[in-house]
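Engineer: Structure provided below as structure tokens; questions to follow.
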Amino acid sequence: MATKIDRRSFLKVLGLGGAGAALAGCDMPSYATMEEGEEQVFSYLAPEEYVVPGIGVWYASTCLQCSAGCGVHGRVREGRALKLEGNPDTAVNKGKLCQMGQAALQTHYNPDRITSPRIGGKNVTWPEALAFIKEKVTGAPVWMTGSISGHQAVLLDAHLNASGGGAHYAVETINAQAWQAACADTLGDAQPNLHIDKALCVLSFGADVLGTWVSPVKFMADYGKFRAAPRGVLTVVEPAMTLSGANADHWVAARPGSEAAVALGVAQVLASEYSVSTSALPSGAADAIVAMTPERVNALSGVDAKTLSKIAETLMSNSPSLVIGDGSYETAAAAMILNLMLGNVGATITPSAELVPADLGVRSGSTKALADFAADAQAGRIGTAFITGTNPAFTAPGGLKIEDALSKIGLKVAVAMFEDETTQLCDVVLPLASSLEDWGSHVPATGAGRGEIHVQQPLMEKLHPEVLGLGDILLGLTQDAGADGLEDFEDYYGYLRTAISAMIGADFEPEWQAVLQAGKVQAPTADRSFTANGALNFNVPETKAPPAGRLSLITTARQGLFDGRHANLPWLQEAPDQISKAVWDSWAEIHPTTAAGLGLKDGDYVTITSDSGAITTRVFLYKGVHPDAIAVPMGRGHTHYGRYATGIGVNPLNLLDGTADGRTGEFLNTTSVRVQATGDNRHLVRLMDVDQQYGRKLAATISADQLRRNQGGA
Amino acid sequence: MPSLLGNIFKGWADYSKGNEEGGHHDYEHMYALAIDLDLCTGCNACSTACYAENNLATVGEDKFGARQAMHWLRVERYFDEPDMDKIEETNDTDTQSRGASFLPMMCQHCNAAPCEPVCPVGATYHTVDGLNAQVYNRCIGSRYCANNCPFRVRYFNFYDNADSWPAPMDQQLNPDLSVRSKGVMEKCSMCLQRTRAARDTAKREGRELQDGDIQTACQQTCPTSAIMFGDLLDETSAISKIWKRHQVKLGVYKQDKENPELRGYRIFEELNVDTKVLYLERVREV
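Going line by line, the protein sequences match chains A and B.
In terms of the working numbering, the first sequence opens at residue 1 and continues consecutively.
In terms of the working numbering, the second sequence opens at residue 1001 and continues consecutively.
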């Protein structure tokens, strides 16, 4: 080893040391060794061992943008998460991701995140916040969350048990409770596996399978196979066009709330024209079918006999089929009756396997839970409430008077990433880590049957040092409440690793690394079979044309802003709505005939008034909405939700009166409203103001017959 | 050492080969897309993936309304279907009886790109990968290229859009490509940086680049796998096969298909710009 240092290398070392010291602090290797004659030089800029400058590394985790629970791969370069893609090894999303998943980066890097605990809007330290909670807590605390599963759900239950047995309210505005209830009643399995890819015909009554229903990315991937040869036919019956409706071969507009009548009408056509037996159906079904004559269907829904025949013919000539329904229990049950009649059960609907560690399963959110919460709060039964992953002050129907209900609760603690309408009403706000900073395990909304549990791991260091993961907060609270068996865990990571290792029966580093690398772990499952069904109680609503001057308001859900939780992401605000192509504002969809009757033209402002409130927004005229309806997509109209969402658009959810479905207790998404022009007009900003191709061959179409002639070359 | 004379001869040889053999270009690769409109649900995942991958700025309502949005990939939506309207006698004009038609529209990477010859400074040119590229730091913002583009897929930075990424949002920016500044035209690059990364990876692993190694961001995320990407010069690639199967040829302004009912077509083919995006017609049950 040469010990002589020439001037050039001396300067090099100095320069390196100087820059490094400035950037990296003092805990890096020093160059003092030089003085001892060694020439070993370490760069102060040398990154961690696993960081290769300029090279992106992909880590597996789980998407939490909706409750579907898709697996993701996140690209990390120089310690930052830069891009998310689907995890190709998951059964749910098979490497794919929707725009909400892509935009999880903007949730994480959002400039409006809460970075410190707050009491009454003032920043405090964690010990202060926890001391405040401890001092003010009264009664057994309750939790209100969105859909939740996995080990966070286990800890949540543990916290409730250890602290007095309070209730857990899982709230989701966009849910599939009606479908799950109908499946439970007819098959004894609330979440059977649906095989869109194996069906040759899919008939949907108000369930937006491609947009927002249960697990849209999974269903879209299946839809891709469904459209491959032999090509499946999609028919959608609904009051206002959804993303699924926008991809339908046949789209049928039904009066809001009358989808069940149409489904039963189709069943009658199947029975009378195609002699499909109704004898094996649950009791009550056959009578409901007989009562639903084509004339009655027409009176209730506005759908004529010819359309019913066409739907029936499509079902009969494309077997196996799959019928899906949601929105009301009657609709879902009528869809299941069609499945039973057509022999789809066992073909395109198969039993889900049972998750053996049942306590990990999904607590599916509902709007009934919100109603229960409001009722319990109003009655003074809730002393302390923890709220996370849901924004009841934004999503609750006006008829529920949620602000009033919340004011009756002694201590309200929000665990949140952003200030929103609900955190405004809470006493304490605890800063939550983003999905890219946290540990967790999640059972996919559809995948429970396969026992594949997705594992969430942090993709990068916390952006804000004060934020904590939900699991860590739950573990801390539970330990504090004196639960047994949790004392030894220092953090949620330790708990999760121990729990998962116990589940797979191994606690070795390689196994654990393999779980993290795959982003998933296989939980033990048990087979299940469909059980015989009991009676169905049909109570088809008497839908009729609204009285003069009134319309049925429909609050529609879109993949994008969803129930409003993604309104603070500029990518999604600027992504043109799939149907209207509008950006950065709300609009009301109205049929041209109805608009003509009201003297409205595109861009006219209208005030929509219900018993619970009023909103003013612009109309968008198009034929994809029933003439008796006016449809306003949910998601905008925030009053407190950061710089990108506040003051933009209107929130139609507040206009709902809170009328609930008889069987499931879910809020129905329609209500009667008055629509009046304000006299103002302003152009609605859209990607494109034309709906026509004017004879140019842009998005060309051919008939399916033509395709079949060429199936070989399809 | 290539001489001037040698260059002239080579140029002439290429030119005459291009004349004899429609669509011939002296490229190393010819990257192209194929989009099956029958699988496209119009969900926008591709477009948002593009925002994430390519550092696209969001501009807000007013600038969007002034056609100053930066969406390299937009999903257009149409309600009319001229061919279907002819077939379907029962088409009720009062209510919608079918869904919509969606059209993902991005730079078509024309082999005879009308944007290229009008650039006064040569900021837009064709690469040896067959891509229509934009050199940001050469661009002077004349906007002639955007004027000349029949697809309206070139996006001009009328403003400095740096406020699109208030801290810490700027940490998400992809360091593999630049953030464009005011006065510069930008457009779809078919995720050039992902091509580079895939090549580097293949080289590091000591192997040849294979079909499927390069995935554009839009193709990667498409939930129904409607988008396909690959090298048309590689005869064995999936993309060459689908172009061949649909009997769509490069270098012509009118396809002469043996089977005219095949679904493949190119938009504005009659303009003879020789686009490299193959669309497959949407199918509709009558």
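Heads up, the beta-carbon is just placed ideally off N, CA and C, and yes, glycines get one too.
Keep in mind it's a predicted model, so treat the numbers as computed, not measured.
Spell out a yes or no on whether the segment 218-228 of chain A and the segment 1213-1226 of chain B are touching, meaning 3 or more CB-CB pairs, one atom from each, closer than 8 Å.
Structural biologist: A contact exists between the segment 218-228 of chain A and the segment 1213-1226 of chain B.
Engineer: At a CB-CB cut-off below 7 Å, which residues of chain B make contact with C98 of chain A?
Structural biologist: Simply C1043, A1045, P1223.
Engineer: Check whether the Cβ of D438 of chain A lies closer than 9 Å to any Cβ atom in chain B.
Structural biologist: Not closer than 9 Å to any Cβ of chain B, the Cβ of D438 of chain A fails to qualify, so no.
Engineer: Which residues, in chain order, does the segment 56-79 of chain A contribute to contact with chain B at a C-beta distance below 8 Å?
Structural biologist: Per Cβ criterion, the list reads G56, R77, E78.
Engineer: How far does the alpha helix (DSSP H) with H151 of chain A in it reach, from first residue to last?
Structural biologist: From DSSP, the alpha helix (DSSP H) with H151 of chain A extends over 150-162.
Engineer: Answer with yes or no whether the minimum CB distance from I702 of chain A to chain B is below 9 Å.
Structural biologist: Output row for I702 of chain A: interface = yes.
Engineer: Please state if the CB of V92 of chain A and the CB of A60 of chain A are separated by a distance shorter than 9 Å.
Structural biologist: No; because the gap between Cβ atoms is not below 9 Å, this pair is not in contact.
Engineer: Which runs of the alpha helix (DSSP H), 4 residues or longer, sit entirely within the segment 562-637 of chain A?
Structural biologist: 570-574, 592-598, all fully within the segment 562-637 of chain A.
Engineer: Check each candidate in A:H250, A:S352, A:C63 and name the one with the smallest Cα separation from K310 of chain A.
Structural biologist: Comparing Cα-Cα distances from K310 of chain A to each of A:H250, A:S352, A:C63, the minimum goes to A:H250.
Engineer: Rounding to the nearest angstrom, what Cα-Cα distance links L130 of chain A and G505 of chain A in this structure?
Structural biologist: Straight-line Cα distance between these residues: approximately 36 Å.
Engineer: Output the residue ranges of the alpha helix (DSSP H) runs that lie fully inside the segment 86-147 of chain A and measure 4 residues or longer, sorted by chain position.
Structural biologist: Listed in chain order, the complete alpha helix (DSSP H) runs (minimum 4 residues) inside the segment 86-147 of chain A are 99-102, 104-108, 126-136.
Engineer: Below 6 Å CB to CB, which residues in the same chain sit around R686 of chain A once its five sequence neighbours on both sides are set aside?
Structural biologist: Excluding positions up to five away in sequence, the list reads K581, A582.
Engineer: Is Y274 of chain A buried or exposed, if buried means 16 or more other CB atoms sit within 10 Å of its CB?
Structural biologist: Flag for Y274 of chain A reads exposed.
Engineer: State whether the segment 387-406 of chain A contacts the segment 642-662 of chain A, with contact taken as three or more CB pairs (one from each stretch) at a distance under 8 Å.
Structural biologist: Yes: the two stretches touch, three or more of their Cβ pairs being nearer than 8 Å.
Engineer: Could you tell me which residues DSSP puts in a beta bridge with E354 of chain A?
Structural biologist: Partner(s): A:A526.
Engineer: How far does the beta strand (DSSP E) with P431 of chain A in it extend, from its first residue to its last?
Structural biologist: Note, P431 of chain A: beta strand (DSSP E), 428-431.
Engineer: Measure from the C-beta of F1102 of chain B to each C-beta in chain A and report whether the shortest distance is under 9 Å.
Structural biologist: By this cut-off, F1102 of chain B is an interface position.
Engineer: When the cut-off is 9 Å and only beta carbons count, does P111 of chain A lie next to chain B?
Structural biologist: Taking Cβ atoms only, chain B reaches closer than 9 Å to P111 of chain A, which makes this a yes.
Engineer: Just by C-beta distance, which residues in the segment 560-579 of chain A are closer than 8 Å to chain B?
Structural biologist: Taking 8 Å as the Cβ-Cβ cut-off against chain B, the residues of the segment 560-579 of chain A that qualify are G560, P570, W571, L572, Q573, E574, A575, P576, Q578, I579.
Engineer: From A:T607, A:Q378, A:S215, pick the residue whose C-alpha is nearest to that of T678 of chain A; which is it?
Structural biologist: When each option's Cα is compared against that of T678 of chain A, the closest is A:T607.
Engineer: DSSP on E452 of chain A, reduced to helix/strand/coil?
Structural biologist: Note: E452 of chain A maps to strand in three-state DSSP.
Engineer: Jot down the residue ranges of each uninterrupted alpha helix (DSSP H) in the segment 1076-1164 of chain B, minimum 4 residues, whole runs only, in chain order.
Structural biologist: Counting whole runs of 4 or more residues, the segment 1076-1164 of chain B contains the alpha helix (DSSP H) stretches 1082-1087, 1144-1148.
Engineer: Give the single residue among B:V1059, B:L1262, B:C1115 whose Cα lies nearest to the Cα of T1275 of chain B.
Structural biologist: Residue B:C1115 is the option with its Cα nearest to T1275 of chain B.
Engineer: Taking buried to mean at least 16 other C-beta atoms within 10 Å of its own C-beta, is R708 of chain A buried or exposed?
Structural biologist: Result: exposed.
Engineer: From K723 of chain A to Q424 of chain A, what distance separates their C-alpha atoms?
Structural biologist: Residue 723 of chain A lies beyond the range of chain A shown here (1 to 714); nothing can be said about it.
Engineer: Can you list, in chain order, the residues of the segment 451-466 of chain A whose Cβ is nearer than 7 Å to any Cβ on chain B?
Structural biologist: So the list reads L463, given in the order they occur along the chain.
Engineer: So with Cβ pairs under 9 Å, would you call A21 of chain A a contact of chain B?
Structural biologist: Annotation note: pLDDT 35 at A21 of chain A (below 50); position unreliable, no value reported.
Engineer: For S672 of chain A, write down the residues that DSSP places opposite it in a beta bridge.
Structural biologist: A:S552.
Engineer: Can you look up D680 of chain A in the DSSP assignment and give me helix, strand or coil?
Structural biologist: Strand, per DSSP.
Engineer: Of all the options A:E487, A:G146, A:E354, A:L516, which has the alpha carbon lying nearest to the alpha carbon of N175 of chain A?
Structural biologist: Answer by Cα proximity: A:G146.
Engineer: Between the alpha carbons of G343 of chain A and T446 of chain A, how many angstroms are there, rounded?
Structural biologist: Those two C-alpha atoms are separated by around 22 Å.
Engineer: Report the residue from B:Y1265, B:E1261, B:K1249 whose alpha carbon sits nearest the alpha carbon of S1023 of chain B.
Structural biologist: With the sequence shown as reference, residue 1023 of chain B is identified as Gly, and Ser is not the correct amino acid for it. Taking only the C-alpha atoms, the option nearest G1023 of chain B is B:K1249.
Engineer: Is there contact here, the segment 330-339 of chain A with the segment 259-274 of chain A, by at least three beta-carbon pairs under 8 Å?
Structural biologist: Yes: the two stretches touch, three or more of their Cβ pairs being nearer than 8 Å.
Engineer: With burial defined as no fewer than 16 other Cβ atoms inside 10 Å of the residue's Cβ, what is the status of S1016 of chain B: buried or exposed?
Structural biologist: S1016 of chain B is exposed by the Cβ-count criterion.
Engineer: Report yes or no: do three or more beta-carbon pairs, one from the segment 1116-1125 of chain B and one from the segment 1234-1251 of chain B, lie closer than 8 Å?
Structural biologist: Output reads no: the segment 1234-1251 of chain B does not touch the segment 1116-1125 of chain B.
Engineer: Give me the Cβ distance between G715 of chain A and A199 of chain A, rounded to the nearest whole Å; I'm assuming they're in contact under 8 Å.
Structural biologist: Any answer about residue 715 of chain A is impossible in this case: the structure gives chain A only from 1 up to 714.
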